[in-house]
Amino acid sequence: QAGEDSTPGNGKKVDHVALLRQAIADPTKVVIAQTAPAVRVALGEMFGMGTSDTTGRLVTALRKLGFDYVYDTLSGADLTTMEEGHEMIARLNAHLEGKKDAPALPMFTSCCPGWVGYVEDEAADLIPHLSTCKSPHMMVGAMVKRFFAQKIGRNASDIVMSSIMPCYKKQWEADRIDMQTPDGAREVDHVVTTKQLGAWLQREGIDYPKLDNSTFDSWMGLSTGSGALYGVTGGVTESVLRTVYELCSGQKLDKLEFPAVRGLQGVKEATVVIPVNPKGPLKNKEPLTLSVAVASGLEYAPPLLDAVRNGTNTYNFLEVMNCDGGCINGEGQPESDDPDIVKKRAAALYSADERAVIRRAHENPAVLQLYTDFLDEPNSPLAEEVLHTSFVEDGPELFDWRLAIDGESGNLG
Ligand code: SF4
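Taking mature numbering (1 follows the signal peptide of the UniProt record, and there is no 0), I'd label the letters of the sequence shown as residues 1 to 413.
What follows is the structure in structure tokens.
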């Protein structure tokens, strides 16, 4: 049945689509959707459109379903790149300065809950390597519940935040007790997968291929090509490299693409030399060679982690995605018999990046405005409080099961 989903860990069924339909029908609620990059290139496959970027139709479809605002998780990806990029710079500086308590390098990405859960459960000794950044959709949820609610004069509990995502692990992430506002509102209430959204649209009789295009709502709806890359393996690394290189060197990259981190190989490596810039945030006195590795699929992580433990690699940054090929191949994506489906979805996202007017996260004017209006600067105390978290051995002690217990969205008492 469309929308029925098992919330991991409590053994109860939660029909997130049914709960969202209830919320949409409730005039006291403001219901918001955000959509991940992998969703827009795969949803059309369920409607005979092949693999193509259908972003404009997707926004229209969500409005037709009754969502009050439609935001783009890509803007959360740009925010993540800003936070994670500055966290990376701070870690590098601590090592360049020889600080005794310098935070761990290589820094691991933290945007895939499958990977984060693996480190918490199977490699807890390496938790200090994980970036403390929340993932892009959780950053959007945190910003909406903390600041957008204020902006429209509503309480966080009046807002029902939903994420259209390529996997079920994002629901596990949203249920974490550390993903709540200080007054106990969930930052993301519901996660609906690409497949579930497609089935919902079919049940409502919405003819997806015939929909007109429309655009995201503006507050968190402006995104860059960098954000689109988050849907494919190596994309987080590429986005962070663009931003860290340009912010640190003060120079524009001649070529924004990093082919060495693209493709479906299990492990990819790249190095980038950052020139000295006395006015930049990086305290390098000579050109710094930044070394990165990308694992496309959790099965490739253990040897890399052993190399980190043994000190036999020199990586500064390690990206791991649970799914082979990245989020485009998540278990919530439409099934396909096409052996090249992952390549086709990746090509659609790379094309979205190439076509984008802005292709660097640090040039996203909407994200820069969020710092001006609310967050001050990347990694500021408020940004740390809202956009970062702590990862712990065996995961958080508590998960928020209230959706499974009473079938209603609300705050923990
Ligand atoms: Fe989900 Fe897979 Fe993407 Fe990880 S890589 S966030 S498990 S779809």
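Beta carbons: idealized from backbone N, C-alpha and C, even for Gly.
Comparing C-alpha distances from residue 55 to each of 279, 47, 291 and 39 shows the shortest one belongs to 39. Around the beta carbon of residue 159, 16 or more other beta carbons sit within 10 angstroms, so the residue counts as buried. Shown here, residue 15 sits in a strand according to DSSP, grouped into three states. By the rule of a C-beta closer than 5 Å to any heavy atom of the ligand SF4, the residues picked out are 112, 114, 166, 167, 169, 321, 322, 323, 327 and 330. Of the other Cβ atoms in all chains shown, fewer than 16 fall within 10 Å of the Cβ of residue 278; this residue is therefore exposed. By the neighbour-count definition (other C-beta atoms within 10 Å, threshold 16), residue 244 is a buried residue.
The DSSP assignment places 159-165 as complete runs of the beta strand (DSSP E) inside the segment 101-173, in order along the chain (cut-off: 3 residues). Given a length threshold of 4 residues, each whole run of the alpha helix (DSSP H) inside the segment 296-345 is given here in chain order: 301-310.
Every unbroken stretch of the alpha helix (DSSP H) spanning 4 or more residues and falling wholly within the segment 214-252 is given here in chain order: 225-228 and 235-249. Residue burial is scored here from C-beta neighbours: residue 48 has fewer than 16 other C-beta atoms within 10 angstroms and is therefore classed as exposed.
DSSP places residue 89 in the uninterrupted alpha helix (DSSP H) bounded by 73-96.
One alpha carbon belongs to residue 316, the other to residue 289, and they sit about 9 Å apart.
Closest in C-alpha terms to residue 91, from the list 231, 397, 379 and 400, comes 379. Per DSSP, residue 392 lies in no beta strand (DSSP E) and is assigned neither H nor E. Nearest Cα to residue 19 within the set 246, 190 and 351: 190. With contacts defined as CB atoms closer than 8 Å, residue 78 and residue 221 fail to qualify as a contacting pair. When the five nearest sequence neighbours on each side are left out, the beta carbons in the same chain lying within less than 8 Å of the beta carbon of residue 178 are those of 389, 390 and 396, in order along the chain. Residue 270: member of the beta strand (DSSP E) spanning 267-274, first to last residue.
Residue 143 holds the alpha-carbon nearest to the alpha-carbon of residue 382 among 93, 143 and 319. The segment 253-271 makes contact with the segment 289-304: 3 or more CB pairs, one atom from each, lie closer than 8 Å.
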